[in-house]
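Counting from 1, position 76 in the sequence shown corresponds to residue 76 in UniProt numbering; the numbering is continuous, with no gaps.
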Amino acid sequence: MTRYGTLHGIGVGPGDPDLITLKAVKILQNVDVVLAAASTKNEASLALSIARPHLRQGAQILRLDFPMTRDQAVLDQAWRDNARAVADILAQGKSAAFLTLGDPLTYSTFGYLLRTLNGLLAEIPVQVTPGITSYQAAAAHTGRVLVESGESLAVVSGVAGEAELERVLSSAQAAVILKAYKNMPVIRRVLARLGLSDAAVFVTRLGLEDEAVFHGLDAVPDRPSYFSLILVRRG
């Protein structure tokens with residue numbers, strides 16, 4: 001009977017290496033293989049650069065390439081290939097840590113990998129270590145209260161359609177718009193209709209050298225960085 005190694009989903013936080021949890025650091029210093037996902041168009045993995053100060057010397061690192069495409073067949077094949085590569089490691093009894101920006105279970109590639117991997121090896125042991133999300137870090141950086149008392153917080157994807165964005169934002173007392181890089185003109189239009197433009201704080205590339213914060217959306221470019229989000233709170 002094969003004794004599989006443990007797959008760890010590690011949230012490395014939003015960008016600052018000091019925002020990784022102590023538990024994540026302990027795992028990274030003892031795991032056999034570190035798995036770093038990256039675009040096939042980019043040599044670098046931001047999650048790996050964040051985690052690198054916490055890796056033991058000589059740690060084995062395996063890069064997992066993912067194509068930047070909307071072709072579902074190509075994407076599915078990439079997930080299968082990468083899942084097989086991870087399965088081979090675990091089948092050797094080795095432990096592996098899959099690095100994710102922010103939290104492994106919040107808009108993360110880890111969920112896709114885990115789902116695909118479970119189709120190959122349903123019995124693998126899995127441990128998820130949560131990470132600080134980008135919106136928690138953005139709220140701390142800007143001093144913005146996210147919610148309090150009886151308020152509710154909505155977390156919405158900026159990739160959602162205009163009608164869905166308006167539906168969620170019109171009923172939420174406070175909201176976080178993640179993935180704000182793609183549909184900025186649509187997001188700006190919806191917030192203007194709801195009278196929330198001046199209540200919005202746009203944060204981009206938090207924790208990186210070129211981070212920027214905009215109060216209001218007038219000066220925000222239509223095509224901001226991939227690492228962008230918006231905090232909104234009524235009143």
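Glycine included, every Cβ here is placed at the ideal spot set by N, Cα and C.
Predicted model, so just to flag it, every value in this text is computed and none were measured.
ask   = Using the C-alpha atoms, what's the distance from Gly161 back to Ala138?
value = Going by the C-alpha atoms only, they are around 24 Å apart.
query = Three-state secondary structure (DSSP) at Arg52?
reply = Helix at Arg52.
task = Starting from the Cα of Val190, find the closest Cα among Gly13, Gly158 and Lys179 and give me that residue.
result = Checking every option, the nearest Cα to that of Val190 belongs to Gly158.
message = What does the alpha-carbon distance come out to for the pair Gln72 and Leu196?
response = Distance between the alpha carbons of Gln72 and Leu196: 36 Å.
inquiry  = So Gly102 and Gly207 are supposed to be a Cβ contact under 8 Å. How far apart are they, rounded?
reply    = Not a contact, Cβ separation roughly 11 Å.
inquiry  = By the DSSP assignment, the beta strand (DSSP E) with Leu35 in it spans what residues?
reply    = From DSSP, the beta strand (DSSP E) with Leu35 extends over Val33 to Ser39.
request  = Have a look at Glu123 and Gly11 and give me their C-alpha separation to the nearest angstrom.
outcome  = For Glu123 and Gly11, the distance between alpha carbons rounds to 23 Å.
ask   = For the region 19-29 against the region 77-89, are there 3 or more C-beta pairs whose distance is under 8 Å?
value = Judged by Cβ distances under 8 Å, the region 19-29 makes no contact with the region 77-89, as fewer than three pairs qualify.
Gln136, DSSP secondary structure in three states = Three-state result, Gln136: helix.
key: Neighbourhood of Thr106 by C-beta distance below 7 Å, restricted to the same chain and skipping five residues each side   = The residues are Thr133.
Rounded separation between Thr6 and Leu55 - CA only = Separation of Thr6 and Leu55 (C-alpha to C-alpha, rounded to the nearest whole angstrom) is 18 Å.
request  = Could you tell me whether the region 147-154 touches the region 203-217, using the rule of 3 or more Cβ pairs below 8 Å?
outcome  = They do not touch, by the three-pair rule.
key: Rounded straight-line distance, which links the Cα of Val74 to that of Met68   = Near 10 Å, if we compare the C-alpha coordinates of Val74 and Met68.
request  = Counting only the same chain and skipping the five closest in sequence on each side, list residues whose C-beta sits under 6 Å from that of Ile230.
outcome  = Residues Ile177, Ala180, Ala200 and Phe202 of the same chain have their beta carbon placed closer than 6 Å to that of Ile230, with the five preceding and five following residues left out of the count.
ask   = Which value, in whole angstroms, describes the spacing of the CA atoms of Thr129 and Leu28?
value = In a straight line, the C-alpha of Thr129 is about 11 Å away from that of Leu28.
message = By the three-class DSSP mapping on this structure, what secondary structure does Ile61 have?
response = Three-state DSSP puts Ile61 in a strand.
inquiry  = Can you give me the C-alpha to C-alpha distance between Val86 and Ile20, rounded to a whole angstrom?
reply    = The C-alpha of Val86 lies about 23 Å from the C-alpha of Ile20.
ask   = What beta strand (DSSP E) runs, 3 residues minimum, are completely inside the region 96-174?
value = Segments of the beta strand (DSSP E) lying fully in the region 96-174: 96-100, 126-129 and 153-157.
Selected residue, minimal CA-CA separation from Thr109, among Asp65, Thr142, Lys94 and His141 = For Thr109, the nearest C-alpha among the options comes from Asp65.
message = So the candidates are Ala51, Asp32, His8 and Ser39; which of them puts its Cα closest to the Cα of Asp18?
response = Of Ala51, Asp32, His8 and Ser39, the residue nearest in Cα terms is Ala51.
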